[in-house]
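Data block below; observations after.
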Amino acid sequence: GAVVSQHPSWVICKSGTSVKIECRSLDFQATTMFWYRQFPKQSLMLMATSNEGSKATYEQGVEKDKFLINHASLTLSTLTVTSAHPEDSSFYICSARDVQVTNEQYFGPGTRLTVT
Amino acid sequence: LAKTTQPISMDSYEGQEVNITCSHNNIATNDYITWYQQFPSQGPRFIIQGYKTKVTNEVASLFIPADRKSSTLSLPRVSLSDTAVYYCLVASREDTGRRALTFGSGTRLQVQP
Chain A
66 GAVVSQHPSW VICKSGTSVK IECRSLDFQA TTMFWYRQFP KQSLMLMATS
116 NEGSKATYEQ GVEKDKFLIN HASLTLSTLT VTSAHPEDSS FYICSARDVQ
166 VTNEQYFGPG TRLTVT
Chain B
21 LAKTTQPISM DSYEGQEVNI TCSHNNIATN DYITWYQQFP SQGPRFIIQG
71 YKTKVTNEVA SLFIPADRKS STLSLPRVSL SDTAVYYCLV ASREDTGRRA
121 LTFGSGTRLQ VQP
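Heads up: the protein sequence lines correspond to chains A and B, in order.
Under my numbering, the first residue of the first sequence carries the number 66, and numbering increases by one thereafter.
Under my numbering, the first residue of the second sequence carries the number 21, and numbering increases by one thereafter.
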């Protein structure tokens with residue numbers, strides 16, 4: 066079955082530093098990848114949609130200069146949280162859409178970010 | 021703003037059937053409804069997907085009325101390992117006409133022995 070991985074699974078960083086999270090589709094090609102953020106006991110909130118080779122589309126209220134998304138290949142998208150602050154601490158989850166099965170998203174295991 | 025709502029929590033016992041309903045009154049015309057299961061600190065896991073009427077797979081059934089403004093996930097004979105949060109995911113049409121992917125608020129299912 067379709068597998069999506071994320072790296073790292075958890076990360077602790079100091080306030081003001083930047084953190085990069087990778088999302089990979091392991092056994093399929095993904096023209097579209099999605100990035101979500103989930104705070105404790107809350108639902109997943111879509112942050113942005115990225116299409117391979119083009120700029121990401123950000124949801125309202127998500128700062129594109131703070132959350133940099135790069136989708137350089139059909140199997141890799143990265144999210145960089147720049148100048149992280151404690152309020153950015155959250156669970157970040159990516160998903161990928163298989164080019165041949167366009168109705169389904171496959172989710173990664175998530176990355177727990179803690180900013181101290 | 022389109023809202024996708026679910027009951028906050030449900031309790032059940034092992035062996036019972038559980039039905040969880042999601043309301044999505046602004047669902048986009050041509051999009052599917054998908055349900056996911058999530059355990060703590062893990063990504064969502066696909067359960068079932070449908071467009072209309074009824075869909076059944078080896079783990080669940082999904083009932084969608086003709087107006088598609090809601091959907092009901094049915095879990096037959098739940099077990100303790102089904103204790104998790106369940107989310108519906110739909111594409112909704114906002115007032116601006118923009119299509120937005122929206123997760124439901126999530127339903128925390130607690131299965132007791």
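Using N, Cα and C, we set each Cβ at its ideal position, and we do this for glycine too.
Residue i Cβ short of 8 Å to the ligand SAH heavy atom set
{"i": "residue 132 of chain A", "result": "The ligand SAH is absent from the structure shown, which contains no ligands of any kind."}
Spatial distance of residue i from residue j (CA atoms)
{"i": "residue 65 of chain B", "j": "residue 57 of chain B", "result": "5 Å"}
{"i": "residue 90 of chain A", "j": "residue 69 of chain B", "result": "21 Å"}
{"i": "residue 18 of chain B", "j": "residue 71 of chain B", "result": "Nothing in the structure corresponds to residue 18 of chain B, since chain B is present only between 21 and 133."}
{"i": "residue 140 of chain A", "j": "residue 93 of chain A", "result": "7 Å"}
{"i": "residue 99 of chain B", "j": "residue 108 of chain B", "result": "20 Å"}
{"i": "residue 132 of chain A", "j": "residue 80 of chain B", "result": "37 Å"}
{"i": "residue 114 of chain A", "j": "residue 100 of chain A", "result": "7 Å"}
{"i": "residue 72 of chain A", "j": "residue 54 of chain B", "result": "26 Å"}
{"i": "residue 86 of chain A", "j": "residue 145 of chain A", "result": "6 Å"}
{"i": "residue 49 of chain B", "j": "residue 81 of chain A", "result": "44 Å"}
{"i": "residue 172 of chain A", "j": "residue 108 of chain A", "result": "14 Å"}
{"i": "residue 37 of chain B", "j": "residue 126 of chain B", "result": "18 Å"}
{"i": "residue 82 of chain B", "j": "residue 124 of chain B", "result": "15 Å"}
{"i": "residue 161 of chain A", "j": "residue 120 of chain A", "result": "16 Å"}
{"i": "residue 89 of chain B", "j": "residue 174 of chain A", "result": "30 Å"}
Residue i at chain A interface by Cβ criterion, 9 Å
{"i": "residue 66 of chain B", "result": "yes"}
{"i": "residue 174 of chain B", "result": "The structure shown does not extend to residue 174 of chain B, since chain B is modelled only from 21 to 133, so the question has no answer here."}
{"i": "residue 54 of chain B", "result": "yes"}
{"i": "residue 107 of chain B", "result": "yes"}
{"i": "residue 69 of chain B", "result": "yes"}
Classification of residue i by the beta-carbon crowding that lies within 10 angstroms, buried from 16 upward
{"i": "residue 95 of chain A", "result": "buried"}
{"i": "residue 153 of chain A", "result": "buried"}
{"i": "residue 137 of chain A", "result": "exposed"}
{"i": "residue 104 of chain A", "result": "exposed"}
{"i": "residue 86 of chain B", "result": "exposed"}
{"i": "residue 44 of chain B", "result": "buried"}
is_contact[residue i, chain B] using C-beta, thresh 9 Å
{"i": "residue 140 of chain A", "result": "no"}
{"i": "residue 135 of chain A", "result": "no"}
{"i": "residue 174 of chain A", "result": "yes"}
{"i": "residue 146 of chain A", "result": "no"}
{"i": "residue 171 of chain A", "result": "yes"}
{"i": "residue 69 of chain A", "result": "yes"}
{"i": "residue 110 of chain A", "result": "yes"}
{"i": "residue 124 of chain A", "result": "yes"}
{"i": "residue 160 of chain A", "result": "yes"}
{"i": "residue 132 of chain A", "result": "no"}
{"i": "residue 114 of chain A", "result": "yes"}
{"i": "residue 89 of chain A", "result": "no"}
{"i": "residue 104 of chain A", "result": "no"}
{"i": "residue 99 of chain A", "result": "yes"}
Inter-residue CB distance, residue i and residue j (contact presumed, cutoff 8 Å)
{"i": "residue 124 of chain A", "j": "residue 111 of chain A", "result": "5 Å"}
{"i": "residue 136 of chain B", "j": "residue 51 of chain B", "result": "Lying before the first or after the last residue shown, residue 136 of chain B is absent from chain B, which here runs from 21 to 133."}
Below 9 Å between beta carbons is the criterion; list the residues of the region 113-131 of chain B that meet it against any residue of chain A, in chain order.
-> 120, 121, 122, 123, 124, 125, 126 and 128
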